[in-house]
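Student: Take this structure first; my questions come after.
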Amino acid sequence: EQLFVGDQVLRVTASNEEQIALLRALGQREDLQVDFWRDPTKPGRPSDLRVPFPSLQAVKIFLESHGISYSIMIEDVQQLLDEEKKTMMLARGRER
Amino acid sequence: SAGTFDFASYHTLDEIYDWLDTLVANHPGLVSKIQIGESYEKRPLYVLKFSTGGSNRPAIWIDTGIHSREWVTQATGVWTANKLAEEYGRDPSITSILDSMDIFFEIVTNPDGYAFTHSSNRMWRKTRSINAGSSCVGVDPNRNWDAGFGGAGSSSSPCSETYRGPYAHSESEVKSIVDFILGHGNVKALISIHSYSQMLMFPYGYKRTPAPDYQELNELAKKAVDDLAAVYGTEYTYGSIVDTIYVASGTTVDWAYENGVKYSYTFELRDTGRYGFLLPSSQIIPTATETWPALLDIILHVQQHPY
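Order-wise, the sequence lines are chains Z and V.
Those letters in the first sequence? Residues 11 to 106, per our numbering, in order.
Those letters in the second sequence? Residues -15 to 291, per our numbering, in order.
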């Protein structure tokens, strides 16, 4: 089972078409393995980007170097997944 | 029994498929289960049919879970199917609808992907078909329909999350619905449910030209999101796909609209990104509850506006 320890979801807001193009290019880089949960579409509209832990530093540097603003929506994806799994197990016990 | 099924929890494919049988057993005169095809990995594609009789009545199609990681949609599908069955004979509007129309409901539209999200990768979105000449697996089943297929907003790369597939309807999960709807010939509405972003949208996604029925679809969408917001204050945006989010080619609702299904809508359920695809299960019932009046608005409008 694939783990997502340390992966973060970043909320990224491009301010112009050039930054949107940069984000799209970022999404196509196979080395970074980023996963757009919400695609970049138009300036001012936020997009959400899951970034694997090993790519975090590179992605954040990329965003900062191009002046693209971002914030962290989910600090650790795996932590949410663990909670989700725990809740499912508890519910399954209740159902039995 | 239905009494022990926890609608406030996420469930595996097997649990949902078992529950379909329970629902049918509990409502034998109303709900039946039909198989419309097989997935790539040979899982059955099940559709619940809500019908009180008659032959080839006007019908409404609802699907959830075509993108497997959008777990709140399959969970909302289960809750909604149960609600439809439970309210028949109690709620006059549901009773009237099901006395004159049939509803077809595919709760796990991408079962291979859904099983994979439980066993291997919670973030899996696409189908699980093998792509010749690539090590990347799967096709985006919401870019695989024959409506502007291959255009902007879809990818030709098998490694992309929006890979359109080698040709339109290449995915058996998509082709099975196409064959079913065209074979039925009397489907009047299609509602395809996704998450997340809190939006209600209608054609077109692949072109900027307004749909011929834009005004009616837009007014109905406004009513639906207003009634949804009246439950817990959850705000939705609405409009054509291309205006509301982005250009997206080969989508379910564009295909339906271009094939004569006038009332074609797609929902993006909760939330707006705090949890995204990892929406806590405590929000399943609130999500389904607030979506219910919006669905009813669309279904009632279809009943009252025959074409």
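By construction, the Cβ of each residue, glycine as well, lies at the ideal position given by its N, Cα and C atoms.
Remember, predicted model here, so these are calculated numbers, not experimental data.
So V19(Z) contacts chain V; which residues on that side make the cut at Cβ distance below 7 Å?
Tutor: Counting from one through the first sequence, the residue named residue 19(Z) turns up at place 9. Residues of chain V passing the Cβ test: G260.
Student: Report yes or no: do the region 193 to 206 of chain V and the region 148 to 168 of chain V share at least 3 C-beta pairs separated by less than 8 Å?
Tutor: Short answer: they don't touch.
Student: Specify whether the region 262 to 278 of chain V and the region 221 to 239 of chain V touch according to this definition: at least 3 beta carbon pairs, one from each stretch, less than 8 Å apart.
Tutor: No, the region 262 to 278 of chain V does not touch the region 221 to 239 of chain V.
Student: Going by the CB atoms, is the gap between T93(V) and I50(V) shorter than 8 Å?
Tutor: The residue labelled residue 50(V) in the question sits at position 66 within the second sequence. The residue labelled residue 93(V) in the question sits at position 109 within the second sequence. Contact flag set, yes.
Student: Is there a C-beta anywhere in chain Z that falls below 8 Å from the one on G183(V)?
Tutor: The count along the second sequence starts at 1 and reaches residue 183(V) at position 199. Position check: residue 183(V) holds Met in this sequence, whereas Gly was assumed. Judged by the 8 Å Cβ criterion, M183(V) is not in contact with chain Z.
Student: If you draw a straight line from the alpha carbon of Y151(V) to that of D124(V), how long is it in whole angstroms?
Tutor: If you number the second sequence from 1, residue 151(V) lands on position 167. If you number the second sequence from 1, residue 124(V) lands on position 140. So the alpha carbons of these two residues sit roughly 12 Å apart.
Student: Could you name the residues of chain Z that R106(V) contacts, counting a contact when the two beta carbons are closer than 7 Å?
Tutor: In the second sequence, the residue the question calls residue 106(V) occupies position 122. Here the neighbours are L91.
Student: Ordered along the chain, which non-local residues of its own chain (more than five positions away) have a Cβ less than 6 Å from that of T36(V)?
Tutor: Start at 1 with the first residue of the second sequence, and residue 36(V) comes out as number 52. Around T36(V): L82, D83.
Student: So E22(V) is in the beta strand (DSSP E); what residue range does that whole segment cover?
Tutor: On the second sequence, residue 22(V) is found 38 positions in, with the first residue counted as 1. Run containing E22(V): 15 to 22, per the beta strand (DSSP E) assignment.
Student: Are the beta-carbon atoms of W239(V) and W108(V) separated by less than 8 Å?
Tutor: Within the second sequence, residue 239(V) is the residue found at index 255, counting from 1. Within the second sequence, residue 108(V) is the residue found at index 124, counting from 1. Not in contact: W239(V) and W108(V) (Cβ atoms no closer than 8 Å).
Student: Curious, which full-length alpha helix (DSSP H) runs of at least 4 residues does the region 194 to 240 of chain V contain?
Tutor: As far as the region 194 to 240 of chain V is concerned, its whole alpha helix (DSSP H) runs of at least 4 residues are 198 to 216, 225 to 228.
Student: Quick check on D41(Z) - is its C-beta less than 8 Å from some C-beta in chain V?
Tutor: As a working mapping, residue 41(Z) is identified with position 31 in the first sequence. No, its Cβ sits nowhere closer than 8 Å to a Cβ of chain V.
Student: May I ask you to report which of helix, strand or coil DSSP gives L42(Z)?
Tutor: Translated into positions along the first sequence, residue 42(Z) becomes position 32. Looking at L42(Z) - three-state DSSP - the assignment turns out to be coil, as it is neither helix nor strand.
Student: Thinking C-beta only, is S181(V) closer than 8 Å to V320(V)?
Tutor: The requested residue 320(V) is not part of the displayed model; chain V covers only -15 to 291.
Student: Suppose the cutoff is 7 Å on Cβ atoms and the five residues either side in sequence are ignored; what does the same chain contact list for A24(Z) look like?
Tutor: Within the first sequence, the letter at position 14 stands for residue 24(Z). If we look at A24(Z) and ignore the five residues flanking it on each side, its Cβ neighbours are I30, L33, P50, P53, I78.
Student: Under a Cβ-count criterion, where at least 16 other Cβ atoms within 10 Å of its own Cβ denotes burial, should V116(Z) be classed as buried or exposed?
Tutor: In the structure as shown, chain Z starts at 11 and stops at 106, and residue 116(Z) therefore has no counterpart that could be examined.
Student: Is D47(V) helix, strand or coil when you go by DSSP?
Tutor: As a working note, residue 47(V) is residue 63 in the second sequence. In the structure shown, D47(V) sits in a strand (DSSP, three-state: E or B).
Student: Measure from the alpha carbon of F251(V) to the alpha carbon of each residue in L262(V), Y24(V), E242(V), L212(V), then state which is nearest.
Tutor: Numbered from its first residue, the second sequence carries residue 251(V) at position 267. When each option's Cα is compared against that of F251(V), the closest is L212(V).
Student: Quick check on this structure: which residue in N115(V), G97(V), V62(V), I78(V) has the alpha carbon closest to the alpha carbon of E90(V)?
Tutor: As a first step, residue 90(V) is located in the second sequence; it is residue number 106 there, counting from the start. The candidate whose alpha carbon is nearest that of E90(V) is V62(V).
Student: T36(V): beta carbon under 7 Å from a heavy atom of the ligand NAP?
Tutor: The ligand NAP is absent from the structure shown, which contains no ligand whatsoever.
Student: Going by Cα to Cα distance, which pick from L29(V), G189(V), D163(V) is closest to G234(V)?
Tutor: Numbered from its first residue, the second sequence carries residue 234(V) at position 250. Checking every option, the nearest Cα to that of G234(V) belongs to G189(V).
Student: Check each candidate in R192(V), G260(V), W45(V), P12(V) and name the one with the smallest Cα separation from V245(V).
Tutor: Counted from its first residue, the second sequence places residue 245(V) at position 261. Residue W45(V) is the option with its Cα nearest to V245(V).
Student: Out of F(-11)(V), D163(V), Y147(V), I175(V), point me to the one whose CA is closest to N66(V)'s CA.
Tutor: To locate residue 66(V), count along the second sequence from 1; it is residue 82. Among F(-11)(V), D163(V), Y147(V), I175(V), the Cα nearest to that of N66(V) belongs to F(-11)(V).
Student: Using DSSP bridges, identify the partner residues of R21(Z).
Tutor: Position 11 of the first sequence, counted from the start, is the residue given in the question as residue 21(Z). The partner list for R21(Z) (beta bridge, DSSP) reads D58(Z), S81(Z).
Student: What's the gap between the Cα of I114(V) and the Cα of G149(V)?
Tutor: Position 130 of the second sequence, counted from the first residue, corresponds to residue 114(V). Position 165 of the second sequence, counted from the first residue, corresponds to residue 149(V). Roughly 10 Å between the two C-alpha positions.
Student: Quick one: what does DSSP say K33(V) is sitting in, helix, strand or coil?
Tutor: Within the second sequence, residue 33(V) is the residue found at index 49, counting from 1. Correct three-state label for K33(V): strand.
Student: In the DSSP assignment, find the unbroken alpha helix (DSSP H) run with Y98(V) in it and report its ends.
Tutor: What you label residue 98(V) is simply residue 114 of the second sequence in a count that begins at 1. From DSSP, the alpha helix (DSSP H) with Y98(V) extends over 95 to 103.
Student: Taking D(-10)(V) as the query, report the chain Z residues whose CB atoms sit under 7 Å from its CB, ordered along the chain.
Tutor: Mapped onto the second sequence, residue -10(V) falls at position 6. Simply A101, R104, E105.
Student: Within 10 angstroms of its Cβ, does Y24(V) collect 16 or more other Cβ (buried), or is it exposed?
Tutor: Start at 1 with the first residue of the second sequence, and residue 24(V) comes out as number 40. Y24(V) comes out buried.
Student: Pull up the DSSP beta-bridge partners for E90(V), would you.
Tutor: Numbered from its first residue, the second sequence carries residue 90(V) at position 106. In DSSP, E90(V) forms a bridge with D47(V).
Student: If you pair each beta-carbon of the region 95 to 106 of chain Z with each one of the region -11 to 5 of chain V, do three or more pairs fall below 8 Å?
Tutor: Verdict: yes, contact present.
Student: Going by the DSSP bridge assignment, what does L279(V) pair with across the sheet?
Tutor: For the purposes of this step, residue 279(V) is identified with residue 295 of the second sequence, where counting begins at 1. Partner(s): none; L279(V) has no beta bridge.
Student: Going by the CB atoms, is the gap between Q19(V) and L29(V) shorter than 8 Å?
Tutor: Residue numbering aside, residue 29(V) sits at position 45 when the second sequence is read from its first letter. Residue numbering aside, residue 19(V) sits at position 35 when the second sequence is read from its first letter. Yes. Within cutoff.
Student: Listing by chain order, which chain V residues have their CB less than 9 Å from the CB of T97(Z)?
Tutor: Indexing the first sequence from 1 puts residue 97(Z) at position 87. Per Cβ cutoff of 9 Å: S(-7), Y(-6), P264, S265, S266.
Student: Tell me whether the beta-carbon of Y247(V) lies closer than 8 Å to the beta-carbon of I225(V).
Tutor: Here residue 247(V) is taken as the residue at index 263 of the second sequence, counted from 1. Here residue 225(V) is taken as the residue at index 241 of the second sequence, counted from 1. No. Outside cutoff.
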